[in-house]
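**Student:** One structure coming up, written as structure tokens, with questions to follow.
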Amino acid sequence: MHSITLADGTPIPTLGQGTWRLGERGADRGAEAAVLRLGLDLGLTLIDTAEMYGDGGAEEVVGEAIAGRREEVFLVSKAYPQNASRTQLPLACERSLRRMGTDVIDLYLLHWRGAVPLAETAEAMERLKEQGKIRHWGVSNLDVADLEELGPHLKNCAANQVLYNLEARGVEFDLLPFCQNELMPVMAYSPLGQGGALLRHPVIRRVAERQGATPAQVALAWTLRNPGVISIPKASNEAHLRENLGARLMVLTPEDLLELDSAFPPPRHKRSLEMI
Ligand code: NDP
Numbered sequence: 229m230h231s232i233t234l235a236d237g238t239p240i241p242t243l244g245q246g247t248w249r250l251g252e253r254g255a256d257r258g259a260e261a262a263v264l265r266l267g268l269d270l271g272l273t274l275i276d277t278a279e280m281y282g283d284g285g286a287e288e289v290v291g292e293a294i295a296g297r298r299e300e301v302f303l304v305s306k307a308y309p310q311n312a313s314r315t316q317l318p319l320a321c322e323r324s325l326r327r328m329g330t331d332v333i334d335l336y337l338l339h340w341r342g343a344v345p346l347a348e349t350a351e352a353m354e355r356l357k358e359q360g361k362i363r364h365w366g367v368s369n370l371d372v373a374d375l376e377e378l379g380p381h382l383k384n385c386a387a388n389q390v391l392y393n394l395e396a397r398g399v400e401f402d403l404l405p406f407c408q409n410e411l412m413p414v415m416a417y418s419p420l421g422q423g424g425a426l427l428r429h430p431v432i433r434r435v436a437e438r439q440g441a442t443p444a445q446v447a448l449a450w451t452l453r454n455p456g457v458i459s460i461p462k463a464s465n466e467a468h469l470r471e472n473l474g475a476r477l478m479v480l481t482p483e484d485l486l487e488l489d490s491a492f493p494p495p496r497h498k499r500s501l502e503m504i
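Spelled out as structure tokens, the structure:
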């Protein structure tokens, strides 16, 4: 399944492109934009960015990548918590729009919870929607209790972006079922464990070998096995990008899943939400 729907029926791709660490060095920007564009060519049309990444630089790289093809893209960006008030959010949104060279963001997220009351942020998000600056809004790094605190605004919260990979499965205990029940997609960030030890784990390597695949493909397919989950790996290397695409077609067998469960046990009790 290459796309799912938001609660209002809007289709959203299940595999996207992350952009953290892009736009940090001017000299790399052209190459970074070219990889994002190649991703679009190959069908990875969801791009996840944030005003934080590269201090606005990542949004500028995204702007370069989507120039002339905005309508192909499902564009996600995020606002700092300190910019999530009724006065600051419209200004932050305007800056993000300008950096990305577009007049609308498809999904605008609160990056994590700060001092601004969630209800105030939700109301500011609703205003941006009414003004046509954003099409949907959502949150990131919010746990069940935070989502419940949204009260009447919860039904308008389109997605929750959280840390989710084989090494960080805590959300499976209650947050993932909660969001599935609300028809709110969960966006799995750092699905490759940031390209570190996870991809060298012997069990992942064994499953990959059996599948005729790579560890990264196994890690991504594992996040995508859940209904209602979107995975947003970041790849600034073209070979990585092409490899990650292969995860869309991979089906992990019951034997694969059992082996992965024994190496990375699912949560048996509530854990506080991990974040990077
Ligand atoms: P990922 O788990 O996506 O890992 C990215 C790293 O893995 C990069 O070093 C990349 O290298 C490498 N990589 C990519 N593909 C492969 C592959 N096939 N084989 C081996 N290595 C590979 O980590 P991120 O933390 O970047 O998470 C993904 C995205 O999620 C972010 O970019 C960002 O958009 C979002 N995010 C959101 C957060 C939030 O608080 N809401 C927090 C963290 C991330 P290379 O670039 O050289 O290809």
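Residue numbers (the numbering used here): 229 to 504.
We put the beta carbon where it would ideally sit given N, CA and C, even for glycine.
As the structure is a prediction and not an experimental result, all values here were calculated from the model.
Exposed or buried, I504, counting other C-beta atoms within 10 Å across all chains shown (16 or more means buried)?
**Tutor:** Classification of I504: exposed, given that the 10 Å Cβ count is below 16.
**Student:** Quick check on the DSSP output: the beta strand (DSSP E) that includes Q316 runs from which residue to which?
**Tutor:** Here Q316 belongs to no beta strand (DSSP E); instead the alpha helix (DSSP H) covers 316-328.
**Student:** Assuming D334 is part of the beta strand (DSSP E), what are its boundary residues?
**Tutor:** From DSSP, the beta strand (DSSP E) with D334 extends over 333-338.
**Student:** Residue ranges of each beta strand (DSSP E) run of no fewer than 3 residues wholly in the region 392-457, ordered along the chain?
**Tutor:** With a minimum length of 3 residues, the continuous beta strand (DSSP E) runs that stay inside the region 392-457 are 414-417.
**Student:** On a CA-only basis, which of E410, Q422, E466, L403 is nearest H497? Give me that one, please.
**Tutor:** It is L403.
**Student:** How about Q408: is its Cβ closer than 7 Å to a heavy atom in ligand 1?
**Tutor:** Every heavy atom of ligand 1 is 7 Å or more from the Cβ of Q408, so no.
**Student:** Taking 7 Å as the limit between beta carbons, can you name the residues of its chain near Q408, skipping five residues before and five after?
**Tutor:** These residues qualify, in order along the chain: P455, G456.
**Student:** Express the C-alpha separation of G421 and L274 in angstroms, rounding to a whole number.
**Tutor:** Distance between the alpha carbons of L274 and G421 is about 20 Å.
**Student:** Tell me whether D276, by its Cβ, gets closer than 7 Å to a heavy atom of ligand 1.
**Tutor:** Checking the Cβ of D276 against ligand 1 gives yes.
**Student:** Once DSSP output is grouped into helix, strand and coil, what is the label at N384?
**Tutor:** Helix at N384.
**Student:** Is I504 a contact residue of ligand 1, with contact defined as CB to any heavy atom under 7 Å?
**Tutor:** It does: the Cβ of I504 is within 7 Å (strictly closer) of some heavy atom of ligand 1.
**Student:** Please determine, among R363, E502, E288, the residue with the shortest C-alpha to C-alpha distance to A262.
**Tutor:** With distances taken between Cα atoms, A262 lies closest to E288.
**Student:** Any idea what DSSP makes of R298, helix, strand or coil?
**Tutor:** In this structure, R298 counts as helix in the three-state DSSP scheme.
**Student:** With distances taken between CB atoms, is the gap from D334 to H364 smaller than 8 Å?
**Tutor:** Cβ distance < 8 Å, so D334 and H364 count as in contact.
**Student:** For a test of the three-state rule: what should DSSP assign to H230, helix, strand or coil?
**Tutor:** The answer is coil: DSSP assigns H230 none of H, G, I, E or B.
**Student:** Mapping DSSP to helix, strand and coil, what is Q359?
**Tutor:** It is coil, neither helix nor strand.
**Student:** Let me know the secondary structure DSSP gives V367 once reduced to three states.
**Tutor:** Three-state DSSP puts V367 in a strand.
**Student:** Around the C-beta of S459, are 16 or more other C-beta atoms found within 10 angstroms, so that it is buried, or is it exposed?
**Tutor:** S459 should be labelled buried.
**Student:** Under the assumption that G282 contacts E252 (Cβ atoms under 8 Å), give the Cβ distance between them as a whole number of angstroms.
**Tutor:** Their Cβ separation, rounded to whole angstroms, is 4 Å, which keeps G282 and E252 in contact under 8 Å.
**Student:** Using CA atoms only, rank isn't needed, just tell me which of G271, Q310, A425 is closest to P241.
**Tutor:** The candidate whose alpha carbon is nearest that of P241 is G271.
**Student:** Using beta-carbon positions only, say whether A352 and A312 come within less than 8 Å of one another.
**Tutor:** Yes, these two residues count as a Cβ contact at 8 Å.
**Student:** Indicate the three-state DSSP secondary structure (helix, strand or coil) for P482 in the structure shown.
**Tutor:** Helix, per DSSP.
**Student:** Identify whether S500 lies in helix, strand or coil by the three-state DSSP scheme.
**Tutor:** The answer is coil: DSSP assigns S500 none of H, G, I, E or B.
**Student:** At a cut-off of 7 Å, is I460 close to ligand 1 when judged by its beta-carbon and the heavy atoms of the ligand?
**Tutor:** Because some heavy atom of ligand 1 lies under 7 Å away, the Cβ of I460 counts as near it: yes.
**Student:** Looking only at its chain, what residues have a beta carbon closer than 8 Å to the beta carbon of E487, apart from the 5 residues adjacent to it on each side?
**Tutor:** So the list reads V431, R434, V435, once near-sequence residues are dropped.
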